[in-house]
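S.K.:
Numbering (this note's numbering), first residue to last: 10 to 188.
#1: Hey, would you say residue 34 sits closer than 8 Å to residue 90, going by beta carbons?
#2: Give every residue of the same chain whose Cβ lies closer than 7 Å to the Cβ of residue 92, excluding the five residues on either side of it in the sequence, and list them in chain order.
#3: Among 159, 12, 60, which residue has its Cα nearest to the Cα of residue 211?
#4: Between the Cα of residue 102 and those of 43, 150, 69, spot the shortest distance and give me the residue it belongs to.
#5: Assuming residue 65 is part of the alpha helix (DSSP H), what are its boundary residues?
#6: Roughly how many whole angstroms lie between the Cα atoms of residue 17 and residue 45?
#7: Any contact of the segment 20 to 33 with the segment 138 to 148, i.e. 3+ C-beta pairs under 8 Å?
#8: Given this structure, state the Cα-to-Cα distance separating residue 154 from residue 49, to the nearest angstrom.
#9: Thinking C-alpha only, which one of 114, 164, 28 is nearest residue 124?
#10: Please report the distance separating the alpha-carbon of residue 126 from that of residue 158.
#11: What residue range does the alpha helix (DSSP H) around residue 81 cover?
#12: Between 20, 86, 39, which has its C-alpha nearest residue 54's C-alpha?
#13: Quick check on this structure: which residue in 51, 116, 40 has the alpha carbon closest to the alpha carbon of residue 26?
#14: Under 7 Å Cβ to Cβ from residue 43, same chain only, skipping five residues before and after it: list those, please.
#15: What's the call for residue 112, buried or exposed, on a 16-neighbour Cβ count within 10 Å?
#16: When DSSP builds the beta bridges, which residues end up paired with residue 42?
#17: Identify the continuous alpha helix (DSSP H) that holds residue 35 and give its terminal residues.
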């Protein structure tokens with residue numbers, strides 16, 4: 010494997026996840042407002058979580074900033090919110106990644122924590138700048154639970170394939186350079 014694949018594969022994975030976030034909401038709009046609440050997909054954040062375990066500090070931070078900027082400019086219209094969330098989440102995960110063995114269970118548990126933190130951050134910012142008027146109780150009941158359920162299931166579905174692809178890219182590259 011050449012060095013460029015370590016850069017291109019993660020970027021492609023993140024771009025596909027970014028597009029899927031929007032496609033899911035646009036095409037399945039009626040399905041994402043359910044009896045248990047409103048679902049917000051965070052596939053980009055889930056892919057960033059997995060990539061954090063395999064990419065270098067500099068590489069993943071740059072990807073987090075870039076994807077946050079694209080996410081903000083494409084979906085929210087308020088630059089800086091998801092740029093900050095993605096970067097902070099990746100930075101914190103980088104501090105703790107040596108304590109965890111990357112596997113599907115760890116990805117699932119971390120995704121629940123990361124999405125909860127990011128949802129509260131977005132909610133707090135939106136409340137501070139008067140974009141949303143819902144109460145914290147409404148947020149917890151109508152948005153957070155359904156979002157966590159959907160993204161937890163999504164992590165169980167996409168976590169293993171993404172992990173194996175990125176492991177293949179990284180391991181083949183490391184073996185080549187050790188010779």
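In this text, a Cβ means the ideal position worked out from N, Cα and C, and glycines have one as well.
M.R.: Taking the definition as stated:
#1: no
#2: 74, 77, 78, 81
#3: Absent from the model: residue 211. The displayed extent of the chain is 10 to 188, so no value can be given.
#4: 69
#5: Neither: residue 65 is in no alpha helix (DSSP H) and is coded neither H nor E.
#6: 38 Å
#7: no
#8: 10 Å
#9: 164
#10: 15 Å
#11: From DSSP, residue 81 is part of no alpha helix (DSSP H); its letter is neither H nor E.
#12: 20
#13: 51
#14: 155
#15: exposed
#16: 47
#17: 12 to 36
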